[in-house]
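**Student:** Mapping to my numbering: the sequence shown position 10 is 226, numbers consecutive. We treat Cβ as the ideally placed atom computed from N, Cα and C, and that holds for glycine. Encoded as structure tokens, here's the structure I'll be asking about.
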Amino acid sequence: MNFGILLNGTGKVWIDNISFEVVGKSTEKFNDSLNLGTSKRISKFPKNLNFDE
Numbered sequence: 217m218n219f220g221i222l223l224n225g226t227g228k229v230w231i232d233n234i235s236f237e238v239v240g241k242s243t244e245k246f247n248d249s250l251n252l253g254t255s256k257r258i259s260k261f262p263k264n265l266n267f268d269e
């Protein structure tokens with residue numbers, strides 16, 4: 217499972233009140249195969265884990 221936000225440039229992004237639900241097999245799946253190249257640019261090391269920045 218992946219979730220998050222990528223911000224390119226300056227500004228602020230907030231995630232608030234996230235929830236996840238278990239769904240049945242009849243729910244349509246989402247395939248994000250068009251954005252596979254993005255993962256190569258994401259840092260392999262965690263940053264700002266205490267949300268001070």
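(1) Do you know offhand how far residue 243's Cα is from residue 237's?
(2) Nearest-angstrom Cα distance between residue 221 and residue 262?
(3) Straight-line CA distance for residue 266 to residue 229?
**Tutor:** Reading from the atomic positions:
(1) For this step, residue 243 is matched to residue 27 along the sequence shown. For this step, residue 237 is matched to residue 21 along the sequence shown. Taking the straight line joining both Cα atoms gives about 12 Å.
(2) Along the sequence shown, read from residue 1 onward, the residue named residue 221 stands at position 5. Along the sequence shown, read from residue 1 onward, the residue named residue 262 stands at position 46. Between residue 221 and residue 262, the alpha-carbon positions lie close to 14 Å from each other.
(3) To locate residue 266, count along the sequence shown from 1; it is residue 50. To locate residue 229, count along the sequence shown from 1; it is residue 13. In a straight line, the C-alpha of residue 266 is about 16 Å away from that of residue 229.
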